[in-house]
Each structure stands twice: as C-alpha cells, then as structure tokens.
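**Q** The structure that follows is given in the form of structure tokens.
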Amino acid sequence: MKKDNNIFLNNAANFVTLLNMVCGSMSIVATMNGKYKTAIAMIWIAAIADRYDGIVARMLGTSSDMGVQMDSMGDIISFGVAPSVHAYNSVFLHAPNNIRLLGGIATVMLICAGALRLARYNIVGLDEDNSFMGLPITIGGSLLAVLLIFRRNIAPVTFVVVMIILSILELSKIRIKKR
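Residue numbers (the numbering used here): 3 to 181.
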C-alpha cells in the first residue's frame, strides 16, 4: 500500500499499541488503588488493542521495526507487569510471610520470563510453520487476569504455582500455532 502523508494513518497502529500501553499502565494504577475489577478490565482492553495493532499495521502497510518494539513494550506492561503486580497486591501482600515471599519471587519470575520471551520473539520471530516458541505473554497474562477474578476462592499458594508454570511455559520451546 502506498504511504499516505496523513500522520494519523501512518501511525494508526502505533496509536493502537499506545492504547495497549495506556490500559496496562492504568491497570497497575487501579491495582495500587485497590480497584481490582477495573485493573482486570484494563488488561482485557489491552488484549483487544494488542490483537488489532498488527492487523491495522498490515492493513495500512505501516508495519515497522518501531511498531514491533512498541508492541513488546506494551505487552510487558499489560501482560507481564500489570497482572503480576495485581497478583502480588491482591493475593500475596497480606498473606503469611512464607507465601508473601514465594509470591514475590513468582511475581518477579513472571515479569522477567515475559521480558525474555518477548526479547526472544523480537530476535527469532515465528517458526517456519507460523508458530510461536513458548507461551505468548498475552496468553499468560490474560489467563492470570481471569484467575484473579476468582482470587478469593483460590489459595495463594495456587497462584504461586500457576505463576511459576506460566513463567516456565513462556521460556519453553513448546510451539504454539499463531491464529
């Protein structure tokens, strides 16, 4: 597609990516203020924005290295930091010391695993069969956000285990077909 001189059209995908970042950041702020339902809603809106930023870029012919990097930054905020901080604040913060410590470790693990997974994707990309290597951070973060809805009915140690498993899956070499 021929590039237009319209600044909005040329950056439309980046604006969608910024929406992802804004929602992830708002989720963190909502979590810190104890607004847990709002925090989860922001993660879900970020997931919708993340789903469409690449589609918009390809549709308008405006895919760029900058867009790829921005997408990763948005993903680590919205699907790494936001759900992990939510889990720590709403599940582990007032748990017994040993669970709080394990929860803190699981929180840091999940954020770091997500960052490493995104860095690997930015270097390696998709496989020849159009598959991701490792669990995409968007899936892991979104799954954690869903589980957080039921946090009052799930033991804190279960969240520790889930977050460690998600970390391992994000860093694994399992193949997940891109849809």
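The C-beta atom is built at its ideal place from N, Cα and C for all residues, glycine as well.
Since this is a predicted model, take the numbers as computed values, not measurements.
Any idea which residues DSSP pairs Arg177 with across the strands?
**A** For Arg177, which the question treats as bridged, DSSP gives the partners Met135.
**Q** Tell me the rounded alpha-carbon separation between Ala121 and Ala115.
**A** 10 Å
**Q** When you compare the CB of Ala49 with every CB in chain B, is at least one pair closer than 9 Å?
**A** The chain inventory of the structure shown lacks chain B, comprising one protein chain alone.
**Q** Contact between the region 75-87 and the region 143-163: three or more CB pairs below 8 Å?
**A** yes
**Q** For Arg42, is the classification buried or exposed, using 16 other Cβ atoms within 10 angstroms of its Cβ as the cut-off for buried?
**A** The question names Arg, but residue 42 in the sequence shown is Ile. The residue in question, Ile42, is buried, as its Cβ has 16 or more Cβ neighbours within 10 Å.
**Q** Please name the residue, chosen from Ala49, Asn91, Phe94, that lies closest to Ser74 on a Cα-to-Cα basis.
**A** Ala49
**Q** Provide the residue span of the alpha helix (DSSP H) that contains Leu104, from first to last.
**A** 99-126
**Q** Run the CB neighbour count on Phe17, radius 10 Å, all protein chains shown included, and call it buried at 16 or more, exposed below.
**A** Taking all protein chains shown into account, Phe17 has fewer than 16 neighbouring C-beta atoms within 10 Å of its C-beta and is therefore exposed.
**Q** In three-state terms, what does DSSP make of Ile156?
**A** coil
**Q** Expressed to the nearest angstrom, what Euclidean distance is found between the alpha-carbon atoms of Thr33 and Val126?
**A** Thr33 and Val126 have their alpha carbons spaced roughly 33 Å apart.
**Q** Hey, out of Ala117, Ser133, Arg181, Lys180, whose CA is closest to Leu168's CA?
**A** Here the closest residue by C-alpha is Ala117.
**Q** Does DSSP classify Ser144 as helix, strand or coil?
**A** helix
**Q** Which of the three DSSP states is assigned to Lys37 in this structure?
**A** coil
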